[in-house]
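Scroll down for the structure; my scribbles are underneath it.
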Amino acid sequence: MKKYLAIPAAIACLLAGTAHAQSSVTLYGTIDAGLDYISNQKSSAGAGPAYGVQSGNVSTSRWGLRGNEDLGGGLAAVFTLENGFNVANGKFGNGGDEFGRQAWVGLSSRQWGTVTLGRQYDFLVDFVAPLSATGSGFGGNIADHPYDNDNLANDTRMNNAVKFRSADYGGFSFGGAYGFSNQGGGAGNNNAYSVGAQYVNGPVDFAVAYLQSNQPGGVNAPQNTGGSLSSSDGDAMLVGGRWRTFGAGAHYAFDHATVGFVYTRTILNDPRELSQGGAYGTVNGQLLTFSNYELNARYFLTPAFSLGGSYTFTQGRFDDAGRSIAPKWNQFMLQADYALSRRTDLYLEGVYQRVTGADGVAVLGNAGIFNLAASGNDRQAVVAAGIRHKF
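Quick note on numbering: the sequence shown equals residues -21 to -1, 1 to 370 in mature numbering (1 follows the signal peptide of the UniProt record, and there is no 0).
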């Protein structure tokens, strides 16, 4: 009798194992903390050098849940919920949003691609950013371009978004996304859309993408701060009438080295505010543009130890009543990284930025790296020594 009872029990265990294999939920995350020296930084006490613990020099500290349920026939239900936080003080990032980095659900087909709905990234982040120093995970956050004006450091997310990303067709993939304003009678008031394409063939990677937001931040009347790019959680790095960014890049991998080049062009019509140092600075005018040129390289001396660097030149233009100025940013980054294991590494990174030609416009003329408080002058240098752990 015991033998016959054991048979259905064994079948039940086998079926349970099969069901488990078809559905999964994964807890993942990154914790990045470092000791930073900042050459000049404004504060309530004035301006001068600063020392302290900084969260997310290279990678923003985060944790998330990623789920997948096999529905059969190559179709799966998928979701991601991701929270960003400051490991130095334990506070939520992204304006205090619980899942401020990502929150979406959708369907994925091995043959056609993935459709998702929720709070998610545009295609500058998906396709072009991995070819840059800031978006590739080696230079990271403190290597971002001024004000993250092109979103390659993925500070901007699209709320209320529907997104399609194709499957891989012989190395080629593409996609499109639309973020709704969610405002009655104001479909074009703080909406956004993005398209992009990527081609990967062995060591070569090419990508192109475009992002446009109408009334980003929703500060112009009629206000819609809860639209696709919200100013309350810091998504709208540039606030104004219309934000457009085009980006393209190429990346080549050798045996022990990688080199990349990225070009992005950002145009902000009717500019109102720029996010700098975790706060918005006023920049009222008719037009603000940024043209970013970045060259980056990384070399692995051993499988665990790498040296990398980047140079970014940004040509700007700002038009307000009766004048036009042409600020320029020169930024250099150098990094040494040593992997203690597959999931834990130590880094030493330095970034130097200098601004010229801002003609007294403070929010443009005060150098500012990543989300650190801006410098009291036209130069800022950061040296960061830290540890990053992934789980």
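All C-beta atoms, glycine included, are put in the ideal place defined by N, C-alpha and C.
In this text the structure is predicted, and so the values were computed from the model without any measurement.
Residue from Phe240, Gln294, Trp308 whose Cα sits closest to the Cα of Ala232: In the sequence shown, the residue the question calls residue 232 occupies position 253. Answer by Cα proximity: Phe240.
Where Phe284 falls: helix, strand or coil (DSSP): Position 305 of the sequence shown, counted from the first residue, corresponds to residue 284. Phe284: strand per DSSP, three-state reduction.
Would Thr224 and Asn130 qualify as a contact pair, given that the criterion is a beta-carbon distance under 8 Å? Reading the sequence shown from its first residue, position 245 is the one you call residue 224. Reading the sequence shown from its first residue, position 151 is the one you call residue 130. Yes, the pair counts as a contact, with Cβ atoms nearer than the cut-off.
Where Phe370 falls, given that 16 or more other Cβ within 10 Å makes a residue buried: To locate residue 370, count along the sequence shown from 1; it is residue 391. Burial call: exposed.
To the nearest angstrom, how far is it from the Cα of Arg321 to the Cα of Asp234? Start at 1 with the first residue of the sequence shown, and residue 321 comes out as number 342. Start at 1 with the first residue of the sequence shown, and residue 234 comes out as number 255. Arg321 and Asp234: Cα-Cα distance of roughly 19 Å.
Paired residues, beta bridge with residue 381 - DSSP: The structure shown does not extend to residue 381, since the chain is modelled only from -21 through 370, so no value can be given for it.
Between the alpha carbons of Gly197 and Glu77, how many angstroms are there, rounded? Working through the sequence shown from its first residue, we reach residue 197 at position 218. Working through the sequence shown from its first residue, we reach residue 77 at position 98. One C-alpha to the other measures close to 22 Å.
Taking its Cβ as the centre, do 16 or more other Cβ atoms sit within 10 Å of Arg251, making it buried, or is it exposed? Counting from 1 along the sequence shown, the entry for residue 251 is found at position 272. Arg251 comes out buried.
Within a Cβ cutoff of 8 Å, which residues of the same chain sit near Gly(-5), ignoring the five residues on either side of it in sequence? In the sequence shown, counting from the first residue as 1, residue -5 sits at position 17. In this prediction, Gly(-5) scores a pLDDT of 45, lower than 50, which makes its location untrustworthy; the coordinate-derived value is nonetheless stated afterwards. Closer than 8 Å at the Cβ level, and outside the excluded window around Gly(-5), lies no residue.
Decide if Trp222 is buried, meaning its Cβ has at least 16 other Cβ atoms within 10 Å, or exposed. Position 243 of the sequence shown, counted from the start, is the residue given in the question as residue 222. Its Cβ being crowded by 16 or more others within 10 Å, Trp222 is buried.
Please classify Arg89 as buried or exposed, where buried requires at least 16 neighbouring CB atoms within 10 angstroms. Here residue 89 corresponds to residue number 110 of the sequence shown, with the count starting at 1. The residue is exposed, with fewer than 16 neighbouring Cβ atoms inside 10 Å.
Nearest to Val187 by CA position, among Gly329, Phe102, Gly72, Asn36, is which residue? Indexing the sequence shown from 1 puts residue 187 at position 208. Checked all of Gly329, Phe102, Gly72, Asn36; the closest Cα to Val187 is Phe102.
Nearest-angstrom Cα distance between His368 and Gly150? Taking the sequence shown and counting its residues from 1, the one referred to as residue 368 is at position 389. Taking the sequence shown and counting its residues from 1, the one referred to as residue 150 is at position 171. In this structure, the straight-line span from the alpha carbon of His368 to that of Gly150 is close to 31 Å.
Report all residues from its chain with a CB closer than 7 Å to the CB of Ile(-15); omit the five preceding and five following residues, and keep chain order. The residue given as residue -15 occupies position 7 in the sequence shown. In this predicted model, Ile(-15) has a pLDDT of only 44, less than 50, meaning its place in the structure is not dependable; the value taken from the coordinates is given anyway. Taking Ile(-15) as the centre and dropping the five residues before and after it, the same chain places no C-beta closer than 7 Å to its C-beta.
Proximity to Gly97 [Cα-Cα], best of Gly118, Gly74, Ala156: Residue numbering aside, residue 97 sits at position 118 when the sequence shown is read from its first letter. Of the listed residues, the one whose Cα sits closest to Gly97 is Ala156.
Distance, Ala146 Cα to Thr93 Cα: Residue numbering aside, residue 93 sits at position 114 when the sequence shown is read from its first letter. Residue numbering aside, residue 146 sits at position 167 when the sequence shown is read from its first letter. Distance between the alpha carbons of Thr93 and Ala146 is about 7 Å.
Please name the residue, chosen from Asp11, Ser23, Gly79, Ile17, that lies closest to Gly213 on a Cα-to-Cα basis. Taking the sequence shown and counting its residues from 1, the one referred to as residue 213 is at position 234. Considering only alpha carbons, the answer is Gly79.
Please name the residue in Leu319, Leu327, Ser289 whose C-alpha comes closest to that of Asn309. Taking the sequence shown and counting its residues from 1, one reaches residue 309 at position 330. Nearest neighbour of Asn309 by Cα position, chosen from Leu319, Leu327, Ser289, turns out to be Ser289.
Own chain, CB closer than 6 Å to Asp331, minus 5 neighbours either side, in chain order: As a working mapping, residue 331 is identified with position 352 in the sequence shown. The sequence shown places Tyr at residue 331, rather than the Asp named in the question. Within the same chain, Tyr331 has close Cβ partners Phe311, Ala360.
Consult DSSP for residue 373 and reduce its assignment to one of helix, strand or coil. A query on residue 373 cannot be resolved here, the shown segment of the chain reaching from -21 to 370 and no further.
List the DSSP bridge partners of Ile304. As a first step, residue 304 is located in the sequence shown; it is residue number 325 there, counting from the start. In the DSSP output, where bridge partners are listed per residue, Ile304 has Phe297.
Find out if the Cβ-Cβ distance for the pair Asn36, Asn120 is shorter than 8 Å. As a first step, residue 36 must be located in the sequence shown, where it is residue number 57. As a first step, residue 120 must be located in the sequence shown, where it is residue number 141. Note that the C-beta distance between Asn36 and Asn120 is below 8 Å.
Whose C-beta lies closer than 6 Å to the C-beta of Gly228 among residues of the same chain, with five residues either side of it excluded? Residue 228 sits at position 249 when you count from the first residue of the sequence shown. Sequence-distant Cβ neighbours of Gly228 in its own chain, meaning closer than 6 Å and more than five residues away, are Val107, Leu110, Ala186, Val241.
Contact set for Lys21: own chain, Cβ-Cβ below 6 Å, skip 5 residues either direction: As a first step, residue 21 must be located in the sequence shown, where it is residue number 42. Taken in chain order, the residues that qualify are Ala352, Ala353, Gly355.
Taking Cβ to Cβ, would you say Gly264 is nearer than 8 Å to Asp298? Taking the first residue of the sequence shown as position 1, residue 264 is located at position 285. Taking the first residue of the sequence shown as position 1, residue 298 is located at position 319. Result yes, Cβ atoms of Gly264 and Asp298 sit closer than 8 Å.
Do Tyr172 and Gln191 come within 8 Å of each other at the CB atom, strictly closer than that value? Reading the sequence shown from its first residue, position 212 is the one you call residue 191. Reading the sequence shown from its first residue, position 193 is the one you call residue 172. Yes, the Cβ-Cβ distance between Gln191 and Tyr172 is below 8 Å.
Roughly how many whole angstroms lie between the Cα atoms of Asn161 and Gly257? Locating residue 161 in the sequence shown gives position 182, counting from the first residue. Locating residue 257 in the sequence shown gives position 278, counting from the first residue. Roughly 26 Å separates the two Cα atoms.
How many angstroms separate the CA atom of Val183 from the CA atom of Val238? Working through the sequence shown from its first residue, we reach residue 183 at position 204. Working through the sequence shown from its first residue, we reach residue 238 at position 259. Pairing Val183 with Val238, the inter-Cα distance amounts to about 10 Å.
Just to confirm, is the Cβ distance from Gly25 to Asp15 under 8 Å? Taking the first residue of the sequence shown as 1, we reach residue 25 at position 46. Taking the first residue of the sequence shown as 1, we reach residue 15 at position 36. No, these two residues do not count as a Cβ contact at 8 Å.
Beta-carbon separation of Gly63 and Arg45 under 8 Å? As a first step, residue 63 is located in the sequence shown; it is residue number 84 there, counting from the start. As a first step, residue 45 is located in the sequence shown; it is residue number 66 there, counting from the start. For the 8 Å CB-CB criterion, Gly63 and Arg45 do not form a contact.
Run through DSSP, which three-state label would Gln1 get? If you number the sequence shown from 1, residue 1 lands on position 22. In the displayed model, Gln1 falls within a helix according to three-state DSSP.
Rounding to the nearest angstrom, what Cα-Cα distance links Ala12 and Phe58 in this structure? Within the sequence shown, numbered from 1, the residue matching residue 12 stands at position 33. Within the sequence shown, numbered from 1, the residue matching residue 58 stands at position 79. Between Ala12 and Phe58, the C-alpha separation is close to 28 Å.
If distances are taken between C-alpha atoms only, which option among Gly158, Tyr178, Val174 comes closest to Ser152? As a first step, residue 152 is located in the sequence shown; it is residue number 173 there, counting from the start. Between Ser152 and the set Gly158, Tyr178, Val174, the nearest pair of CA atoms involves Tyr178.
Within 8 Å of any Cβ in chain C, is that where the Cβ of Val107 sits? No chain C is present in this structure, which holds just one protein chain.
Supposed close pair Thr5, Ser38 - CB separation, criterion 8 Å: Start at 1 with the first residue of the sequence shown, and residue 5 comes out as number 26. Start at 1 with the first residue of the sequence shown, and residue 38 comes out as number 59. Contact doesn't hold; Cβ gap of about 18 Å is too wide.
Nearest-angstrom beta carbon gap, Asn170 and Pro201 [assumed within contact, 8 Å]: Position 222 of the sequence shown, counted from the first residue, corresponds to residue 201. Position 191 of the sequence shown, counted from the first residue, corresponds to residue 170. With a Cβ gap of about 14 Å, Pro201 and Asn170 do not count as contacting.
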